[in-house]
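Okay, so here's the structure we're looking at.
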Amino acid sequence: MMSFLNTLVQHRYAITATILFVVGLMNLMQQRYLVRKVIGFNIMDAAIFLLLASRGYVEGRMAPVVAEGTAERAAELYINPVPAGLVLTGIVVSVSVSAFSLALIQKIYREYGSSDIKELVHLVKRED
Amino acid sequence: MLFLPLLFPLAGGICAFLIKKERPRNLCVMAALILTLASSVALCLRGAEPVTLLNIGGGISLRLGIDGMGRFFLLLMSAVWLIVAPFAFPYIKHEGRDRQFFGFYLLTLLSLMGLCVSKNAVTLYMFYELMTLLSIPLVLHSGTERARYAALKYLGYSVAGASLALFGLFLLHHYGGSGDFAAGGILPNVGSSQWLLVLAWFLMTLGFGCKAGMIPMQAWLTTAHPVAPAPASAVLSGIITKAGVLGIIRTTYFVFGPDILVGTWAQKTLMILALLTVLSGSMLAYKEKHLKKRLAYSTVSQVSYALFGLLLLTPTGALGALLQVFFHAAAKDVLFLAAGAMIYRTGREYADQYRGIGREMPVTLWCFAIGALSLIGIPPTGGYFSKWYLATSAIEYYGALGVVGAAVLLLSALLTAGYLLPIVARGFFPGRDYIPERREVGASMLVPMILLALSALIPGLFSGLLAMPLSLLSASLF
Amino acid sequence: MDKRKSAKNRKKKKTRLLPRPAHTKAAFVEWVDGDRPAHLSAALHEPRELRKRKVFVFDESKMGQQLIKFFRRYHVATTLMCALLLFVFAWVVLTLPSFGDPAAPTNNMVPAEYLTHGTAETGAENVVTAMIFTYRGFDTLGESCVLFLALSSVMMLLLRRDMSSVKPKERIALQKDAAKEPKTRNFIVTVMSRILVPFIFLYGLYVLLGGESSPGGGFSAGAIMSAGMILYRHAVGAEASERLMNERLFTVIRTVGLCIYAVLFGVYILLQGGEGGALTSHLIMPIDIAVGMVVMCTMYGFYALFTKGEI
Amino acid sequence: MLPFYRYIPFLCILLCLLGAILLAAGKNGRAAFVISVAGALVTAVLSGILLIRLMQTNESFVFVMGRFPAPFGNELKAGPLQALLSTCFSLVIALSLLGGWSDLKHDVKPDKLNLYFVMVSLTLASLYVLTYTNDMFTGYVFIEISTLSACALVMAKDRGQTLVATLRYLFLSLLGSGLFLIGIVLLYSVTGHLLMKQVSEHIAALRATGEFTLQLAFIVGLFTAGLGVKSAMFPFHRWLPDAHGSTTTASSAILSGTVIKGTAILLITLFCRVFTLDTVDKLHIDNVVFVLGLMGMIFGSVSAIRERHSKRMLAWSSIAQMGYIFTGIGLGTRAGICAACFHILVHATSKSMLFCCVGRLSAVNGHRKMLKELQGSARRDVLAGVGFTLGALSMIGIPLLAGFASKLYLATSTMGSATKMGATLIAIALSTVLNALYYIPAVVTVWSTPDGESPERAPHDPTFVIAAVVSIAAVVLLGVAYTPVMHMVEVGFALL
């Protein structure tokens, strides 16, 4: 039991990320209103970034901005920069995607006066 | 040389599509058909080296060639096609849309010719599919909802059958069965995979049997044939069902070879299926009132005679089957044409409405009668011989099953008499109170009927005429 | 007597209670003996009738039954799926190397190489910047293309050069939006923004130029500057902000920015290190600036398009 | 300096990106059209050169992006297979644009046309990267690019229906790429690398020690699901019919022809290059993919039979065809994956042609889309009718047409394991029937004239004529001379 709690504590960020991811997923799939779906998607991405960022941290090391003359010992001094870069990329991607989906939702709302997926599906069925 | 029988129908079909005036179109159709027959006769006499149409690679190539079996079917099909055409001219004119009809009529002939001269399984399959697709418009001709449904059903069943054939084709390709046809089979090493091959044969036979209207895939036939215009339904059940027979012959005798199939479960099962078809077809025909539909049911039963003969895998059985193919083609065509003529004149469609028709259109009904007799198998007519060979070889080689088979054939012959002769009888002897009025059809419709009737009769009278070459042919299969 | 009657009734009830699937069976029978079945229309491409005559009022209860059923089933299914995913995922994550573990496989020679030689090879103290612009520069190119793409697609959706191309339905909605806008500018916001915007820009520039040697860089700087512009536009209104940014300038900046980036990067790649090696150490700054321009334009463009649909 | 042909993959990508950026600056739709078609053709030619060269030297090479070799910098890896596929994609996109140009003018607002072509060239770029990339994270970034640009292509036709379809497509794709990203993160944290070569080495090591087995299974499952969503694998296929069916012709052709293939190719690359095939087989992922593929094959066709909207019917059939591809992948053997790649080529050509022809047919019948309303349209434009018929026959699998060849390869590639063989053969036979059951009635409908009217010829559409002729030639060629193509595929697979 103790050991399990210990593991949990060791993986606190990862576990948080997992829970967040599933929450986001449920929102994305089950919310009726489109904006909420987008929010869910953002939560999902945030969870992934949290997981990724937590992968990069190393106990007791600094952010990877190499100070003068520390270059040769840098590998022991600074944390892993790769996940940071990946997270940066990921964030930019998710920003663009959410912008696009929000624009789409705005357009749809102006078209149908609704942002409820059930209603929209039905309205579309009624066409053609 | 090999291409001529394919070339003429193609050209004729295209012309038929393009030419708007009626007379020149009919002339061109006739010319194309005559040329086709002539070229195929020439081909049969001269023979030709097999040609590789196209080498796709991967062990697959499209090859054309001619052999005995090909000759037989080539002549049969082109001749019948030519004979039926004149009947069609007035009939289709009365139905309308004749450019479309004759175009596809000739193109279907093209695919049939290709079927006859194809030299390996892939080519056969290709022309088979082609035939299905090209003969759909014939069924579809009237364009009514019923016709469209019938066409769709025809399509569904045929493609299902073809895909079963395809299934077998893939297996064959794997076991090196995509080479040239050769009598006695071409499969090099059977060995452990025999069960798989037998399965493949079973499926392919079922698949081709679909076109020949064998249980379990017979249901399309009785829907599709009646809705087509009479000439179309004549060739459909006279010839196109035989295409299925040809497919079965090719796979059974020229790819797998009888000796790996004799006595397998597949053979027994298929024989039983064929017998079932024979019996059920006759029974349904007996109970059916609509004339063309009755004839369609009788096709179902009659073609399965031939299948039964083939599945016996004995020379005599094969001979009987080939004779049956010939005679059924002639008889069924004449029956359908006569029925077409009667419907065309009187507009009556049901078998019990033809009281006294023999007084009104005697020639037609005489042809009908001859066809009926040949179909039943009354001795002077040809049908007798084919059934005789079938029964004898069945009893000779397969004890109990053979006897049952013979009995079934006999019973179904009786049923045939039961559902065809009453029409003739009531047609000729309507009773005293009947006042007939002559309304015989024109010569262009009579001549084909008479020709076909004679061809169902004459070879029966001088049986050696046909039986001799065919017996050689069937002997060469083993 | 009674018994038989009751038995009969029971039988009747049974038959009534369990109606056999009529249409399927009938269809099969008809298929077999070849008369026109109910589903023939499917084969003949006839449009469904129910679509033609249905006056639609949106209402849960009146909604298409199978649609409701679909959503219900969908909810159950997705919930179960998510629960499953949660457990599996949590288990997998728990078996990974723990947080901050120096011996984790991620701390291999790759980050070591970046950290030790990154500064020397690229001339950027900030290793993250060094990495995203040189080592893994292609990802970053793709990333800025994603931004550009998002902006283009939002323009495709919302950009209105003139009202004529707008559908009537949408025009009504737009007029509603316009009615909601405040007529007079808020004094405080205007003044404060006039004071703040220059400082924001200054800070943005600082972050941009300091990106090599300290946390920051093109992306964050672009975001900051776009925040300044958005504030300005919001304060003084779209018309007045033309001075700061109009459509032509907007197009020019984002095109030029991304072009610079793509061309520089392309040259660098095509030179394949070699003499390009010297190039890379000077490459980061211009690329950084280009990215800054792109990001700024994108963010600002989003705001402008979302609010008014024009730039 | 390297020899020129080594630069070709990166050059093509850069060309597409720059083209997109510059097109966005312009305002003239027609010019944009010309430029993007020309660009697609140029990339096609370049890839063709690359293909020939690689076939001559029989090699595959790694292109280091910049001066930092793996595992520090990005990489592209090009072999004959990649070159072949990318050539095919460029050609298909060019043809689809040509074929759908008149519909584009009809469907898309004139002031948005140039943006449409921006999307097209970005799609092409993303396809190139997905085909060539040797780095998983690059794969993720460009998957997002393909998602966004594909959605933009769908919603180019400004109708409410299309917008909703786009939204559903977008959300499902986001789900897919999210799963894919998680897969990458987990894989990164167990292996510590992002480049495929190093990752595969580490995975081999893990397999040797036998640790992280279930985790690996989970990761492979995530990749499969993520990419499967984007290429319409069976349970995740629901978005496709609306998205591909309701948009403008060129978009449907491009999406069905190429975009859903890109992710499938990435999946193949991952299976073969990162997790080797026998690992995938050990983890039993391939069986899942196989079953899903078969189900897609059948289910897609069945729904296509019940569909009355012409384009949506084609979209359903795309799902069925993707089923073929996934079946091939799921066989988990060399022959199976070669068959899948070949089918990718076949379907790309045939389906884009079908969509172009249907677009043209509905255009000559007054832009009505229901199959019933297409009656007699083939008489109005015979070329489109012929193209549609040929495409349909190819999909059914008539010999001498492309479809038959791929079916044959798929069938013969199953000859390893009895159960899979039986299942595949039965499914192929069944789906042949089903295809015929919805394609042939459609063909009959377009050729049959409605009673009492004789349709007059529609005015010619030059760009469509070019597209139709070329793609008909392509389909017949693939059906007749498929052995050389298959040879290329096999060589390419060996060098994957």
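Protein chains in written order, with our numbering: chain P, 15 to 142; chain V, 724 to 1201; chain E, 179 to 489; chain C, 32 to 527.
Don't be surprised by glycine CBs; every beta carbon is placed ideally from N, CA and C.
Keep in mind the model is a prediction, meaning the values are calculated, not measured.
Per DSSP, the bridge partner or partners of residue i
i, result
"C/His340", "C/Met401"
"C/Asp166", "C/Leu226"
"V/Asp903", "V/Asn843"
"E/Gly278", "P/Val72"
"P/Asp130", "P/Tyr47"
"V/Thr775", "V/Arg786"
"P/Tyr79", "The sequence shown places Val at residue 79 of chain P, rather than the Tyr named in the question. Note: P/Val79 sits in a beta bridge opposite E/Asn304."
Proximal residues to residue i (C-beta, below 7 Å), its chain only, five neighbours per side dropped
i, result
"C/Val160", "Ile44, Thr169 and Phe173"
"P/Ile131", "Arg46 and Leu48"
"V/Cys767", "Arg794, Leu797 and Leu798"
"C/His315", "none"
"C/Thr380", "Val123, Ala433, Ser502, Ala505, Val506 and Leu509"
Neighbouring residues, chain C, relative to residue i (Cβ below 7 Å)
i, result
"E/Ala357", "In chain order: nothing, as chain C lies at least about 23 Å away."
"P/Lys121", "Leu194"
"E/Ile447", "Phe41, Met96 and Gly97"
Chain P residues whose Cβ lies nearer than 9 Å to that of residue i
i, result
"C/Tyr200", "Correct list: empty, because the minimum Cβ distance to chain P is about 10 Å."
Contact set for residue i: own chain, Cβ-Cβ below 6 Å, skip 5 residues either direction
i, result
"E/Val466", "For the sequence presented, residue 466 of chain E should be read as Asp rather than Val. Once the five neighbours on either side are set aside, the close Cβ partners of E/Asp466 are Gly389, Gly395 and Gly396."
"C/Asp312", "Gly363"
"P/Ala31", "Ala61, Leu64 and Leu65"
"V/Leu1143", "Ala1095"
Buried or exposed by the 16-neighbour rule on C-beta atoms within 10 Å, applied to residue i
i, result
"C/Gly191", "buried"
"E/Met334", "buried"
"V/Gln941", "buried"
"V/Ala1166", "exposed"
"E/Val233", "Unreliable positioning characterises E/Val233 in this predicted model, as indicated by a pLDDT of 44, which lies under 50. A coordinate reading is not provided."
"V/Ala1044", "buried"
"C/Pro472", "buried"
"C/Ile213", "buried"
"V/Lys1015", "buried"
"C/His491", "exposed"
"C/Arg391", "buried"
"P/Met16", "exposed"
Chain-ordered neighbours of residue i on chain C, where CB pairs are closer than 9 Å
i, result
"P/Phe114", "Leu179, Cys182, Ala183 and Leu201"
Listed by chain order, chain P residues near residue i by CB distance under 8 Å
i, result
"E/Cys260", "Val36, Leu39, Met40 and Met43"
Close Cβ partners of residue i (< 8 Å) along its chain, the five nearest in sequence each way excluded
i, result
"V/Leu1189", "Leu1046, Phe1049, Gly1105 and Pro1182"
"C/Pro34", "none"
"C/Ile503", "Met384, Val417, Gly418 and Leu421"
Partners in chain A for residue i, counting only beta-carbon separations shorter than 7 Å
i, result
"P/Ala67", "Looking at the structure shown, chain A is missing, and the protein chains on hand are P, V, E and C."
Contact list for residue i against chain V, beta-carbon separation under 9 Å
i, result
"C/Pro472", "Arg871, Ala874, Leu875 and Leu878"
Scan the region 443-461 of chain C for residues whose Cβ lies nearer than 7 Å to a Cβ of chain V and list them as they occur along the chain.
If the cut-off is 7 Å between Cβ atoms, the region 443-461 of chain C has Thr443, Met446, Leu456 and Ala460 near chain V.
Members of the region 264-283 of chain E that neighbour chain C once the beta carbon cut-off is set at 9 Å:
Taking 9 Å as the Cβ-Cβ cut-off against chain C, the residues of the region 264-283 of chain E that qualify are Val266, Phe267, Trp269, Val270, Val271, Thr273, Leu274, Pro275, Ala282 and Pro283.
Tell me which residues of the region 34-65 of chain P have at least one Cβ-Cβ distance to chain E shorter than 8 Å, keeping chain order.
Hits within the stretch, in order: Phe35, Val36, Leu39, Met40, Met43, Gln44 and Leu65.
Listed in chain order, which residues of the region 419-434 of chain C have Cβ atoms closer than 9 Å to some Cβ of chain V?
Here the close residues are Leu424, Ile427, Gly428, Ile429, Pro430 and Leu431.
Chain-ordered residues of the region 103-128 of chain C with a beta carbon less than 7 Å from chain E:
With the criterion set as a beta carbon lying under 7 Å from some beta carbon of chain E, the members of the region 103-128 of chain C are Phe103, Gly104 and Asn105, in sequence order.
Taking only beta carbons into account, state which residues of the region 884-918 of chain V come closer than 7 Å to chain C, listed in chain order.
Within the region 884-918 of chain V, contact with chain C at the beta-carbon level (separation under 7 Å) is assigned to Ser886, Leu887, Leu889, Phe890, Phe893, His896 and His897.
Using a Cβ-Cβ cut-off of less than 8 Å, give me the residues of the region 138-158 of chain C that come near chain E, in sequence order.
Taken in chain order, the members of the region 138-158 of chain C whose beta-carbon sits within less than 8 Å of a beta-carbon on chain E are Lys140, Asp142, Lys143, Leu146, Tyr147, Val149, Met150, Leu153 and Ala156.
Name, going along the chain, the residues of the region 220-243 of chain C whose beta-carbon falls closer than 7 Å to a beta-carbon of chain P.
For the region 220-243 of chain C, the residues whose beta carbon sits under 7 Å from a beta carbon of chain P are, in order, Ser220.
Closer than 7 Å, Cβ to any Cβ of chain C: which residues of the region 725-745 of chain V, in chain order?
Of all residues in the region 725-745 of chain V, none has a Cβ within less than 7 Å of some Cβ in chain C.
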